[in-house]
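Heads up: the sequence shown begins at 6 in my numbering, then just goes up one per residue.
Ideal Cβ positions, reconstructed from N, Cα and C, are used throughout, including at glycine.
Reading through the C-alpha cells given below for one structure.
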Amino acid sequence: MIQAPRGTKDVLPQESYLWQWIEQEMRTIAEKAGYREIRTPVFEHTELFLRGVGDTTDIVQKEMYTFEDKGKRSITLKPEGTAGVVRAVIENRLYADTLPIKAYYINSPIFRYENPQSGRLREHHQFGMEFFGSLSPSADAELIVILLALLKRFGINNLAVHINSNGCEKCRPSYLEKLRGYLKPYRNKLCDTCKIRIEQNPLRVLDCKIDADKPEVRGTPLMIDYLCDECDEHFENLKAILDKIEVPYTIDTSIVRGLDYYTKTVFEITMQTKGREMALCGGGRYDGLVSELGGPVTPAVGFGLGMERIILEMSNQNILPAAPPILDVFVCNLQKEDQSEAFLLSQLLRQSGIKADSDHMNRSLKAQFKYADKIGAKFVVIVGGEEESRGAVAVRNMNTKEQTEVSKNNLIQFLLEKGN
Ligand SMILES: [Zn+2]
Ligand SMILES: [Zn+2]
C-alpha cells in the first residue's frame, strides 16, 4: 500500500472545517487592516533563497527541498513565505504603486527537510502578513498587535510579546567583528558548521540547534548594546507605541530568528504552558531584502504563523470549535418510487441556500432516518406519505422529534424560519 511521505499530513473531511474556520478568522483580521491576499508559486529558483534567506542559515544548508528540473534548472520548494512575496513585489513592480503595500498569504505550503521525530512536519502551512514601504515602527507594532488579537480570537491565552533588535547594515558589521573576536577562543567547543560560521556569519551560531544553549554562546556580546542611533531610535519608538496601546512586552536578546534578512525589529509571541515559555510564531523587519533581491530600497516588516501549530495548540487546550452539521435537511423517500421526487426536492432546497441531500444508497426509511441522525441533519422531510395527496410533506424536527405537515409551497420558507 502506498503511504503519504514522512512528515506530511492529510486534512480529512471531518477536520477541514477547523482549517476553514481559522482561515476565515485570518482573512477577516488581515482585511480589516487593509491587507489583500497574495498567492505565489510553491517552487522558486533556488537562487532566490540562497540570496534571500541566506546561504549560511540552517534552512538553506540543511533543510531545503532542492532538485534539478528537466531543464537543468535548480528549483526549491518554498522553505519560508517571505522571499517569494518579495520576488513577486519586485517582478510586478508593486513598489511603483501607492505605498504602503499590505499583503497576506494564507495556507501557503512550506517545505523543510526536518527530522520527523521532532514532531515538525516536512510540509506545513503558513499564514503570513507583509507590510512594504514604511520605516515607521508603527508598522512593526501593527503586525504585533494583529498577531496578538488573532491568537486571542482563537482562545489562546497566556501570551507574551518578546522583542529585540537585530541592528542594520550600518551597525551590524562592527558588532559582528566583536562577536567573532568573542567566539574565536571557543571555536573547538562549537559544531563543525559553526566553526566555519564564525568567519562567514557568526550571528547564525546564536541560533544553531546544537550550540545555541552552550554557556559560551549564551555569554556573547549582544547586538542591542551596539545599535546605531537610527536603530536605537526605532527600537525606542516601537517600545513607546507598545506602551501607548498598553501591550506588555519583554526585551529578549536571545531572539535572532534563523534567517539572515532581519534588520532592526525582531519579535516572537510566546505562550506560557506547563511552566515554560514556548514560541508560537514571530517575525521582524527586513529593510534590506527588497534591494538585495534586485528591487529599489524598500523597508518592510512581516510575520509568519504555522497553521498546523495553531490547530495543535487549540486541540491541546481543548478549545477547538465543534463541527457544524453536515446537512440542514435530509429528504427521505417512503417508497423506492419516491426517490426521484426526494432528489428533486433536495435540489430545490439547495437552490434556496439550504444544505440538503436525499438518499443515494437505496436505504429503507428506517435506515434513512438513522443516516440523517448520524450526519446531524436538523430536519428530515418525508416525501410519499399520505400528505402527498394534499400537496404536502411531513417534516420532522430531529431535536424535538416534533412532526409537522407542511405544504410543498411553504416548505422552503418553513425550513428557513425554523432552521435558525
Ligand atoms: Zn543600525
Ligand atoms: Zn553549531
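So what does DSSP say about Phe308, is it helix, strand or coil? Note: Phe308 maps to strand in three-state DSSP.
Ranges of the alpha helix (DSSP H) found wholly within the segment 341 to 412, counting only runs of at least 4: Within the segment 341 to 412, the complete alpha helix (DSSP H) runs of at least 4 residues are 344 to 356 and 370 to 379.
Mind reading off the beta-carbon distance from Lys107 to Phe72? Whole number of angstroms is fine, and I expect it under 8 Å. For Lys107 against Phe72, the beta-carbon gap comes to about 34 Å, at or over 8 Å, which does not count as contact.
Suppose you measure from the CA of Gln344 to the CA of Gln122; what does that come to, to the nearest Å? Straight-line measurement puts the Cα of Gln122 at about 52 Å from the Cα of Gln344.
Which residue comes first and which comes last in the beta strand (DSSP E) that contains Tyr110? First-last of the beta strand (DSSP E) with Tyr110: Ile106 to Phe116.
Looking at Lys183 and ligand 1, is the gap between the Cβ and the nearest heavy atom below 7 Å? It does not: the Cβ of Lys183 is nowhere closer than 7 Å to a heavy atom of ligand 1.
Proximity of Asn338 and Asp378 at Cβ, strictly below 8 Å: Cβ atoms of Asn338 and Asp378: not closer than 8 Å.
Using only the alpha-carbon positions, how far apart do Ser351 and Ile315 sit? The straight-line gap from Cα to Cα measures roughly 37 Å.
Drop a sphere of 10 angstroms on the beta-carbon of Val386, count the other beta-carbons inside from all chains shown, and report buried for 16 or more, exposed for fewer. Val386 is buried by the Cβ-count criterion.
Counting pairs of Cβ atoms below 8 Å between the segment 234 to 249 and the segment 156 to 176, do you hit three or more? Yes: at least three Cβ pairs fall under 8 Å.
Given Gly289 as reference, the closest of Leu55, Asn171, Thr225 and Pro220 once Cα atoms are compared: The option with the nearest alpha carbon to Gly289 is Asn171.
Based on Cα-Cα distance, which residue from Lys244, Ala372, Lys214 and Lys413 lies nearest to Lys3? No answer is possible for residue 3: it lies beyond the span of the chain, which begins at 6 and ends at 425.
Please report the straight-line C-alpha distance between Gln29 and Asn97, rounded to a whole angstrom. The straight-line gap from Cα to Cα measures roughly 27 Å.
Just to confirm the assignment, what range does the alpha helix (DSSP H) spanning Arg92 have? Judged by DSSP secondary structure, Arg92 falls within the alpha helix (DSSP H) whose first and last residues are Thr87 to Glu96.
Top-ranked residue by Cα proximity to Ile246, from Leu153, Asp145, Ile324 and Arg262: From the listed residues Leu153, Asp145, Ile324 and Arg262, the smallest Cα separation to Ile246 is found for Asp145.
With a threshold of 7 Å (Cβ to nearest heavy atom), would Lys175 be considered close to ligand 3? As for ligand 3, it is missing from this structure, which binds only ligand 1 and ligand 2.
Can you name the start and end residues of the alpha helix (DSSP H) that Thr33 belongs to? Unbroken alpha helix (DSSP H) run through Thr33: Ser21 to Lys37.
For the beta strand (DSSP E) holding Ile260, just list the boundary residues, first then last. For Ile260, there is no enclosing beta strand (DSSP E), as DSSP marks it with neither H nor E.
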